[in-house]
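What follows is one structure encoded as structure tokens, with my remarks underneath.
Numbering (the UniProt record's numbering), first residue to last: 1 to 128.
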């Protein structure tokens, strides 16, 4: 059975989607951009700061579902400019020190609200 995950510790959805959904075994987050829970958009910040906020949002959603970074199986990182990969990766690595998840990182033509990065995750959850 599908269950919606919502937390005030990450920005509210800005469209017709949920912050995350789970079936009790896997959790899928929506893509998280550098938007604070209070609604401050960090689009003018460097990519490291944008990556940190995006991942802080992912971690808050995971926490709400009873999961953490060690439960993440796969992430997808969308970059407005692939030349930002190294800077993004430095920040990203601080969240996944031990046994990092599988990851895809791709350059896209445009991201919501003109940000430089968007990150989504798939994680294991145990709702027994």
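Glycine residues also receive a C-beta, built at the ideal position from the N, C-alpha and C atoms. Note that the structure is predicted; figures quoted are calculated from it, not measured.
Just curious, the beta strand (DSSP E) that residue i is in, first and last residue?
i	result
residue 74	72 to 79
Can you round the beta-carbon distance between residue i and residue j to whole angstroms, since I take them to be within the 8 Å contact cut?
i	j	result
residue 125	residue 35	24 Å between Cβ atoms; not a contact.
residue 19	residue 119	Not a contact, Cβ separation roughly 13 Å.
residue 30	residue 13	7 Å
residue 43	residue 115	5 Å
Could you give the distance in angstroms between the alpha-carbon of residue i and the alpha-carbon of residue j?
i	j	result
residue 81	residue 56	21 Å
residue 25	residue 127	7 Å
residue 8	residue 37	7 Å
Go ahead and label residue i buried or exposed: buried means 16 or more other beta carbons lie within 10 angstroms of its beta carbon, across all protein chains shown.
i	result
residue 94	exposed
residue 1	exposed
residue 106	exposed
residue 54	buried
residue 50	buried
residue 16	exposed
Excluding the 5 residues preceding and the 5 following residue i in the sequence, name in chain order all residues of the same chain whose CB lies nearer than 6 Å to its CB.
i	result
residue 72	101, 121, 123
Using a Cβ-Cβ cut-off of 8 Å (strictly less than) and excluding sequence neighbours within five positions of residue i, which residues of its own chain qualify?
i	result
residue 68	59, 62
Between which two residues does the alpha helix (DSSP H) containing residue i stretch?
i	result
residue 91	85 to 93
Identify, in the order they occur along the chain, each residue of the same chain with its Cβ nearer than 7 Å to the Cβ of residue i, setting aside the five sequence neighbours on each side.
i	result
residue 52	91
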